Each structure stands twice: as C-alpha cells, then as structure tokens.
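For the record, in the sequence shown the residue sitting at position 221 is 221 according to full-length UniProt numbering, with numbers rising by one throughout. Backbone N, C-alpha and C fix where the C-beta goes; we use that ideal spot for every residue, glycine too. All figures in this text were calculated on a predicted structure; none of them were measured in a lab.
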Amino acid sequence: MTLGVFSATNPRTFLGVSAGAVLLAGFGGLVVSRGTENTMLAILVLAVLFAVTAARSVRLRDFGVSSTRWLRSAAVSAVVVSLLAAVLVTLMIIVADRNPTFYQDFASFTVQAHGYEVAGGVRYASDGPGMPVGTFALTGLCVFLSFLMGTVAGSALGAVYGARGTRACVVAAVGSFVVAYGVGAVFMVLDVNIAAPWPGVPMFAAVVCVVSGLVLAWALRTQRRPMPAVVPELPGVTPGHRG
C-alpha cells in the first residue's frame, strides 16, 4: 500500500512512522509529557520522515516519473497525513473539553476566545468547558497547518538533497531560515504583535509554504538523467509512465 510515487521507495516505513507520529500527537499526552510537547515531537518526526522519503523518491524521475506526478503525490501525502493528525488532536481537545485543566496540555495549539487565566499556579482556559464550535474549528485549522508546515518543509529539503546534493540542501536550509528570520525581524521592527496560535500559525504557515514551494521548484528544475536499461519495479510506479 502506498500514497503514490512519493512513498514508493519505502511504503511500509512511511505508513508505519506516519501512523506512529499521529498516534503520538493524539494519545502521547496520556502516557508521558503533555499534548503540546508530544504534538511538536510528532511534527518533527514527520518532517524528518518526509525529508528522507523525498530525498529517495525524487530520484524516481530518472526512471521516467514526471516531476508533476511526483509533486502531486508529495502534496497529497502531506495533506492527508496532516489532516489525519489534525483530526485526531482536535478530537482529543473536544473530548477533554469538560476538564477545566485540560487546556494546559495542548495550550500552544488551542485557540481561546478569551485567553487564559492563572489560578494557584495552574493555567486555565478562561473560556471554560463547552467552547463554541467555531473556536474548535480554528483550533483544528491551526493544528492542521502546523503539521502541514513540517511535512512540506521536510519534503522541500529532502527533494533538494536528493536532486542537487548535500551542499544545495545546506544552502536551501540556511536560506529558508534567513527568510523566516527576516520576516520575523521586520515584524519586530514594526512593533507588530501577532498572537499565537491564532492568527500567528496561519501567517507563519503561509511564509513556510511559500518558501518551501520555491525550494521545491528549484530542486525539480534539475535535469533528469537518461533512463537506464533496467528499470526497478516499485509499488505505484509504472516504468515509462511520465504523466
């Protein structure tokens, strides 16, 4: 089973690690640490997974897979995995909404209409139980975009590494960091205070996705080598299919 050519080189590892990361984000807080830390760890794991997968599968272009087909598969994989993770994490937030101390678990990802209050050294959601549906929708959107940033950025850096090599990957990583830092510096100079997670996460996600898109476009501009005489058989990849 595979989501397409993007994960064709390591389908079992891709699905297994993706499932593990999603479960870590949703249920990890029940075992160790808090929901926020486990969700961030899951995002990091998925970013590394997508980077490794992209670095390997982008080379399938040498065997007749078109850049468009690879990019489409990568986008679908990122959206599907991010959406599944967001649904599970958001459901966990909704289910635990009746517990007034729960919001410290996923505080960094939970959108609050009225912010937080601190009582007795414990951070509470001032909205209290029974938050509006619209607030949960914004929470789900922020969680989804957080995972999407990790998967897209990982795919971009992995594609550069697989298509252009280590030096180009380092250049892309440093360049992306400089751009992100530059945008943040501009906001600081202008004294613009952006609240998180809303609307900070969507704004940051827009920057990350745009930069990652440019990095991907640069990576995929490399010329494919001529197809070898013997084409390996991979799940989801038909030799000679370029569409």
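Next item on the list: Could you tell me the boundaries of the alpha helix (DSSP H) in which S57 lies?
Entry: Within the sequence shown, residue 57 is the residue found at index 57, counting from 1. It spans G35 to S57 - the alpha helix (DSSP H) in which S57 sits, taken as one unbroken run.
Margin query: By the DSSP assignment, the alpha helix (DSSP H) with F14 in it spans what residues?
Written below: On the sequence shown, residue 14 is found 14 positions in, with the first residue counted as 1. Per DSSP, F14 belongs to the alpha helix (DSSP H) from P11 to F27.
Check: Could you give the C-beta distance for A42 and A19, rounded to a whole number, given that I count them as a contact under 8 Å?
Finding: If you number the sequence shown from 1, residue 42 lands on position 42. If you number the sequence shown from 1, residue 19 lands on position 19. Contact doesn't hold; Cβ gap of about 11 Å is too wide.
Notebook entry, point to check: CB-CB under 7 Å to F144, same chain, minus the five flanking residues each way: which ones, in chain order?
Noted result: For the purposes of this step, residue 144 is identified with residue 144 of the sequence shown, where counting begins at 1. Cβ within range, chain order: S82, L83 and A86.
Note to self: Can you look up D105 in the DSSP assignment and give me helix, strand or coil?
What the structure shows: The residue given as residue 105 occupies position 105 in the sequence shown. Note: D105 maps to coil in three-state DSSP.
Next item on the list: Could you tell me whether the region 172 to 186 touches the region 210 to 220, where touching means 3 or more Cβ pairs closer than 8 Å?
Entry: yes
Notebook entry, point to check: With distances taken from CA atoms, which of G150, V207 and P11 is nearest A51?
Noted result: Start at 1 with the first residue of the sequence shown, and residue 51 comes out as number 51. Ranked by how close their Cα comes to the Cα of A51, the residues G150, V207 and P11 have G150 in first place.
Next item on the list: Can you grab the Cα-Cα spacing for the pair L190 / A205, in whole Å?
Entry: Numbered from its first residue, the sequence shown carries residue 190 at position 190. Numbered from its first residue, the sequence shown carries residue 205 at position 205. Distance between the alpha carbons of L190 and A205 is about 20 Å.
Margin query: Quick check on P202: does DSSP put it in helix, strand or coil?
Written below: On the sequence shown, residue 202 is found 202 positions in, with the first residue counted as 1. If DSSP states are grouped into helix, strand and coil, P202 belongs with the helices.
Margin query: On the CB-based measure, 16 or more other CB atoms within 10 Å of its CB, does P199 come out buried or exposed?
Written below: Taking the sequence shown and counting its residues from 1, the one referred to as residue 199 is at position 199. The residue in question, P199, is exposed, as its Cβ has fewer than 16 Cβ neighbours within 10 Å.
Check: Within 10 angstroms of its Cβ, does G4 collect 16 or more other Cβ (buried), or is it exposed?
Finding: Position 4 of the sequence shown, counted from the start, is the residue given in the question as residue 4. The residue is buried, with at least 16 neighbouring Cβ atoms inside 10 Å.
Item checked: Collapsed DSSP secondary structure at V65 in the structure displayed -> Along the sequence shown, one-based indexing puts residue 65 at 65. Looking at V65 - three-state DSSP - the assignment turns out to be coil, as it is neither helix nor strand.
Checklist line | For A156 and A168, the rounded distance between their alpha carbons | finding: Residue mapping note: residue 168 aligns to position 168 of the sequence shown, counting from 1. Residue mapping note: residue 156 aligns to position 156 of the sequence shown, counting from 1. Each residue's Cα considered, the two are about 12 Å apart.
Check: How close, in whole Å, do the beta carbons of T36 and F106 come, if the pair is a contact with beta carbons under 8 Å?
Finding: On the sequence shown, residue 36 is found 36 positions in, with the first residue counted as 1. On the sequence shown, residue 106 is found 106 positions in, with the first residue counted as 1. A Cβ-Cβ distance of about 6 Å is found for the pair T36 and F106, placing them in contact under the 8 Å criterion.
Notebook entry, point to check: Just how far apart, CA to CA, sit V31 and T39?
Noted result: Residue numbering aside, residue 31 sits at position 31 when the sequence shown is read from its first letter. Residue numbering aside, residue 39 sits at position 39 when the sequence shown is read from its first letter. Their backbone Cα atoms lie some 13 Å apart in a straight line.
Check: Can you tell me whether M92 is buried or exposed, with buried defined as 16 or more other CB within 10 angstroms of its CB?
Finding: Against the sequence shown, residue 92 aligns to sequence position 92. Answer is buried; the Cβ neighbour count reaches 16.
Notebook entry, point to check: Between A219 and V160, which are expected to be in contact by the criterion C-beta below 8 Å, what is the C-beta distance as a whole number of angstroms?
Noted result: By 1-based counting over the sequence shown, the position of residue 219 is 219. By 1-based counting over the sequence shown, the position of residue 160 is 160. Indeed they touch by this definition, with Cβ atoms about 4 Å apart.
Notebook entry, point to check: Quick one: Cα of L49 to Cα of V215, how far?
Noted result: Within the sequence shown, the letter at position 49 stands for residue 49. Within the sequence shown, the letter at position 215 stands for residue 215. A direct Cα-to-Cα measurement between L49 and V215 gives close to 18 Å.
Item checked: Contact set for T24: own chain, Cβ-Cβ below 7 Å, skip 5 residues either direction -> One-based indexing of the sequence shown puts residue 24 at position 24. Thr is not the amino acid found at residue 24; the sequence shown has Leu there. The residues are N38, L41 and A42.
Check: L60 to T68, Cα distance in whole Å?
Finding: In the sequence shown, the residue the question calls residue 60 occupies position 60. In the sequence shown, the residue the question calls residue 68 occupies position 68. Going from the Cα of L60 to the Cα of T68 covers about 12 Å.
Next item on the list: Enumerate in chain order the residues of its own chain whose CB-to-CB distance from V152 is below 6 Å, with the five nearest sequence positions on each side excluded.
Entry: In the sequence shown, counting from the first residue as 1, residue 152 sits at position 152. Closer than 6 Å at Cβ, skipping near neighbours: A78, C209 and S212.
Notebook entry, point to check: Candidates P202, V207, L44 and A75: which alpha carbon is nearest G182's?
Noted result: Working through the sequence shown from its first residue, we reach residue 182 at position 182. Taking only the C-alpha atoms, the option nearest G182 is V207.
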